[in-house]
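Here the structure is laid out as structure tokens; the discussion comes afterwards.
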Amino acid sequence: MEAKRKKILAVASIGGHWVQLLRIAHPLEERYEVVYMSTHPKCKSMVGTCRFHTIMDFSRWDAWKMLPASFNILGILLKERPAAIVTTGAAPGLLTIILGRMTGTKTIWVDSVANVQTMSTCGKLARKFATHVYTQWPGLATAQVHYAGNIFGD
Numbered sequence: 002m003e004a005k006r007k008k009i010l011a012v013a014s015i016g017g018h019w020v021q022l023l024r025i026a027h028p029l030e031e032r033y034e035v036v037y038m039s040t041h042p043k044c045k046s047m048v049g050t051c052r053f054h055t056i057m058d059f060s061r062w063d064a065w066k067m068l069p070a071s072f073n074i075l076g077i078l079l080k081e082r083p084a085a086i087v088t089t090g091a092a093p094g095l096l097t098i099i100l101g102r103m104t105g106t107k108t109i110w111v112d113s114v115a116n117v118q119t120m121s122t123c124g125k126l127a128r129k130f131a132t133h134v135y136t137q138w139p140g141l142a143t144a145q146v147h148y149a150g151n152i153f154g155d
């Protein structure tokens, strides 16, 4: 009988955040059950046979959308019960991290490779909530923010 693999919820907004997440999460599929979540249904076509959930997109400019998105995300978290959440951002990923911590889930924030000189706004907030926070640039590493490489493979 095959042992049940731990489940990881991989979350990102569409665009560059999603592309970076795929570079990080696809290799994890060999060892973990990876469930994907993004802000656009077309992202489903990029995850093969893995389960996929669509969530509402929002930013600081339309923060009121956080309330309905919270209910949607919380429902997915309670249904999937992941062992860990990994996200490359942006705001929907941060909200998932916050809700994940409230449900006792380990959380990992990987700040975008585009943030060369400073952490993103969401990344700075993620430091307060995420179990682990990573930057993709060695010059941005601190006691709270770790560097372990980037999506380009150093």
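In my numbering, each residue carries its 1-based index in the sequence shown increased by 1. Note that beta-carbon positions come from the ideal geometry of N, C-alpha and C, so glycine has one too. Quick caveat, the model's predicted, so the values are computed rather than measured.
- The C-beta separation of methionine 67 from isoleucine 56 comes to about 11 Å, leaving the pair out of contact by the 8 Å criterion.
- DSSP places isoleucine 86 inside the beta strand (DSSP E), whose first and last residues are 85 to 90.
- Under the Cβ criterion (8 Å, minimum of three pairs), the stretch 16 to 26 counts as touching the stretch 89 to 98.
- Counting along the chain, the unbroken beta strand (DSSP E) around histidine 54 starts and ends at 53 to 55.
- Non-local C-beta neighbours of alanine 11 in its own chain, meaning closer than 6 Å and more than five positions away in sequence, comprise Leu22, Ala26, Val35, Tyr37 and Val87, ordered along the chain.
- For lysine 107 and arginine 82, the gap between their C-alpha atoms comes out near 11 Å.
- Here the alpha carbon of lysine 125 sits roughly 20 Å from the alpha carbon of aspartate 58.
- Around the beta carbon of serine 113, a 10 Å sphere encloses 16 or more other beta carbons of the protein chains shown; the residue is thus reported as buried.
- Assignment of beta-bridge partners to lysine 45 by DSSP yields no partner.
- Taking the CA atoms as reference points, leucine 79 sits about 8 Å from threonine 104.
- The C-beta distance from threonine 136 to valine 146 rounds to 5 Å, short enough to fall under 8 Å.
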